[in-house]
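Chains as they are written, first to last, in my numbering: chain U, 68 to 402; chain R, 68 to 402.
Idealized CB from N, CA, C, for every residue including glycine.
Note that the structure is a prediction, hence the values are computed from the model and not measured.
Here the structure comes first, spelled out in structure tokens, and everything after it is commentary.
Protein chains: 2
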Amino acid sequence: MNIYDISQKAGVSIATVSRVINKNPNVREKTKQKVLQVIRENGYTPNVFARGLGHKSMQTVGILCTDSSDLYLAQAVYFLERELRLREYNSILCCTGYKLKDKKRSLELLLTKQTDALILIGSSFIEEKETNSQYIRDAAGKVPVMLLNGHMEAENIYSILCDDYNAIHDAVSKLLENGKKDTLFLYRALTYSGNQKRMGYEDAYKKFGLPVNKDLIQLCNGDVNHTKEFLTMLAEKGIYFDGVISVDDQLAIGAIKYAKKFHIAIPEQLEIIGYNNSILGTCCEPELTTIDNKVEAICMTTTATLMSVLGGKNIPSKTMLSADLITRDTTYTKP
Amino acid sequence: MNIYDISQKAGVSIATVSRVINKNPNVREKTKQKVLQVIRENGYTPNVFARGLGHKSMQTVGILCTDSSDLYLAQAVYFLERELRLREYNSILCCTGYKLKDKKRSLELLLTKQTDALILIGSSFIEEKETNSQYIRDAAGKVPVMLLNGHMEAENIYSILCDDYNAIHDAVSKLLENGKKDTLFLYRALTYSGNQKRMGYEDAYKKFGLPVNKDLIQLCNGDVNHTKEFLTMLAEKGIYFDGVISVDDQLAIGAIKYAKKFHIAIPEQLEIIGYNNSILGTCCEPELTTIDNKVEAICMTTTATLMSVLGGKNIPSKTMLSADLITRDTTYTKP
DNA sequence: TTGTAGGCGTTATCAC
DNA sequence: GTGATAACGCCTACAA
């Protein structure tokens, strides 16, 4: 069933059918109705390929993320897809994994599919070595690239991110005000946002005129129970801490498990703050104080920005949203 | 940059370039190398639209789910995308929400995109009224439809599911053996798999010659804290239970919270079993005994089955995988 | 082994 | 308002 079949059955030319499909006003109402009816009767839908051959757009954007089963990334994918669909765009999802080579390959593959834009979720796409991020710049030569929670200065690249630096800075400051001078900072990787968080942590100490203890900055890449063991090991090594702030909620819950194992009182002896405000925070006990980094808002802003870019508007290349602290039971409630 | 440009620069015809691209062996090695070099130098990639116009395939499958931010569905999406990508298929994700009208619309939209197949995750796509599922049958008229954890008998529809019936049946039997005669069954909706679970629950009671108490079968659709309140309310109503089995882990964790609130001993006074073996199960305390319904295996089977279908092979229309009970601390450990 | 030409289903540009 | 017809970029007989 193609446009020729329809034109025949409706007794008009394919040009007229095309006009009807594309809502071109230059068609007599009666003709239009006739064509629409034939289209409905035959359940005809225009072929996207043929259509794409013409205007080179398939109303599709590529979403890249390292791992869509990750709690945070899954949410981002969900919100992005929803916002895009609302604007009649489809989403091609591509999980790249963490290896540079795979990320490059996936991105190239996606470009091949003629997506109208690319959205990269998470700062893990920005490599430490500047030159290793060249592939993103290359992609931006073909379609707009949106960076979600990452940042990169280049033509046709737009960053939308949460103010991780200040979020951590303020949270750590609060702990310091509570007299907790030895807060452990747990992170998973030195991505862009990982770095921002770390800087926020260090600067809070500096602001209070306190030295930064490198022993309190620890890389921990595992699940809840691994984190528990990890902290146990740190304690055995003689590293003392009376606070924990982490780059996601899972690590923080590991800290809760550690505390309970050794009957360390929360929050009296140990205050704990997570990140992402995920569902996990209400599953543990005590419930977790966590930083809400506004995934939904970021995704909505990203989509809105993208639409402006595609519409040819002049748009700021960097947008920053501030985070909120969700106070629950692993820290002292605000006075 | 198209195939003509390349053919000119390489001093050959477009047919030769096309052969090289498509790995047709009938090209002299030297010619092939020359062409490949020109392709590389110019960063040329064939246009998918033009390609699709011919083949009618874009190596793309549509994945539909109600809500990809749901823990379980997110995992399924992740595994499916991974398996498909391994086989050089891209995934178009489409979250439909729970309304029939929206599900229909999304499905039709996706068909429009000429996907090679459709994968529907979760039995919420199978409507209670048989006629309301007609849209799926219609879709199956155009492309193969894979039903993940749902079931429907029809041409070109393939179901891959977990044996929810026996999973619940066996788990409840275990509770009954432990002397827990009043197990609460918490569910979220009467989908296909919801029904299977419920039947498994009821049949376990029947097997033990015990009556099924309708008060113990409860619909609860909320988060952890809502579930806690809900159980509190049930108890206040005088409904007694010494076991809880639920259709997902969140509900089960709600039960844990309820028990702790009233100092009910787990598992002595209340045994609790969740479903899905999600990450949540290790975040709570005590850690949750839960049923592992093998998402990854289901997704891998689905993809493999799909490939066979696309390859024209004769394939069983229903595949069932068995679940495992992951015993943790909310039930008695096996002797 | 290589090249030529027709077709895939639309959209857009002309004439009428 | 409407209808021919030429792109769009690729694949694939069929010819050479």
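In chain R, what lies closer than 7 angstroms to residue i by C-beta?
| i | result |
| --- | --- |
| Phe297/U | Ordered by position in chain R, no residue passes the 7 angstroms Cβ test against Phe297/U, which lies about 15 angstroms from the chain. |
List the DSSP bridge partners of residue i.
| i | result |
| --- | --- |
| Thr163/R | The partner list for Thr163/R (beta bridge, DSSP) is empty, contrary to what the question assumes. |
| Gln285/U | Leu253/U |
| Thr386/U | Ile227/U |
| Ser80/U | DSSP lists no partner for Ser80/U. |
| Ser158/R | Leu160/U and Val128/R |
| Val212/U | Leu185/U and Ile224/U |
| Tyr342/U | Ile358/U |
| Val311/U | Leu251/U and Ile339/U |
| Asp391/U | Asp359/U |
Mind listing the chain U neighbours of residue i? Cutoff is C-beta to C-beta under 7 angstroms, in chain order.
| i | result |
| --- | --- |
| Cys350/R | Val291, Ile320, Leu347, Cys350 and Cys351 |
| Ile179/R | Per the sequence shown, residue 179/R should be read as Thr rather than Ile. Simply Thr112 and Val115. |
| Gly119/R | Phe116 |
| Gln142/R | Ser136 |
With the cut-off set at 8 angstroms, would you say residue i and residue j are in Cβ contact?
| i | j | result |
| --- | --- | --- |
| Leu298/U | Gly321/U | yes |
| Phe116/R | Leu120/U | yes |
| Ser173/R | Ile130/R | no |
| Leu147/U | Cys366/U | yes |
| Ser384/R | Ile224/R | yes |
| Cys287/U | Ile323/U | no |
| Thr369/R | Leu215/R | yes |
| Thr258/R | Ser190/R | yes |
| Ala256/R | Ile358/R | no |
| Lys209/R | Leu167/R | no |
| Ala234/R | Ala390/R | yes |
| Leu253/R | Gln285/R | yes |
| Glu360/R | Asn381/R | One detail in the question is off: residue 360/R reads as Asn in this sequence, not Glu. Result no, Cβ atoms of Asn360/R and Asn381/R do not sit closer than 8 angstroms. |
| Lys468/U | Tyr325/U | In the structure as shown, chain U starts at 68 and stops at 402, and residue 468/U therefore has no counterpart that could be examined. |
| Glu108/U | Gln126/U | no |
| Ile73/R | Val105/R | yes |
| Cys162/R | Arg149/U | yes |
| Met213/R | Thr372/R | yes |
| Leu347/R | Leu138/R | yes |
| Phe275/U | Leu243/U | yes |
| Asn245/R | Tyr399/R | yes |
Between residue i and residue j, which are expected to be in contact by the criterion C-beta below 8 angstroms, what is the C-beta distance as a whole number of angstroms?
| i | j | result |
| --- | --- | --- |
| Leu355/U | Asp315/U | About 11 angstroms separates the two Cβ atoms, so there is no contact after all. |
| Val128/U | Ser135/U | The pair is not a contact, with the Cβ atoms about 15 angstroms apart (cut-off 8 angstroms). |
| Glu338/R | Lys247/R | 6 angstroms |
| Gln142/R | Val362/R | 5 angstroms |
| Thr329/R | Thr250/R | As written in the sequence, residue 329/R is Phe, which differs from the Thr given in the question. Contact flag wrong, Cβ pair sits at about 18 angstroms. |
| Leu405/R | Pro211/R | Residue 405/R lies beyond the stretch modelled for chain R, which goes from 68 to 402, so this question has no answer here. |
| Lys99/U | Val84/U | Actually they are not in contact, since the Cβ atoms of Lys99/U and Val84/U sit about 10 angstroms apart, beyond 8 angstroms. |
| Thr349/R | Asp290/U | 7 angstroms |
| Arg204/U | Ala184/U | Not confirmed; about 15 angstroms, so no contact. |
| Ile333/U | Pro353/U | 6 angstroms |
| Val102/U | Ala77/U | 5 angstroms |
| Leu160/U | Leu160/R | 5 angstroms |
Which chain R residues sit within Cβ distance under 8 angstroms of residue i?
| i | result |
| --- | --- |
| Asp134/U | Tyr145 |
Item to check | Residues in the stretch 303 to 333 of chain R having any Cβ partner in chain U nearer than 8 angstroms | outcome: Gln317, Ile320, Lys324 and Lys327
Checklist entry - Got a sec: which bits of the stretch 145 to 172 of chain R sit with their beta carbon under 8 angstroms from any beta carbon on chain U, in order along the chain? => result Tyr145, Phe146, Glu148, Arg149, Arg152, Asn157, Ser158, Ile159, Leu160, Cys161 and Cys162
Next on the checklist: Against chain R, which members of the stretch 199 to 223 of chain U pass a CB distance test of less than 9 angstroms?
Outcome noted: Asp205
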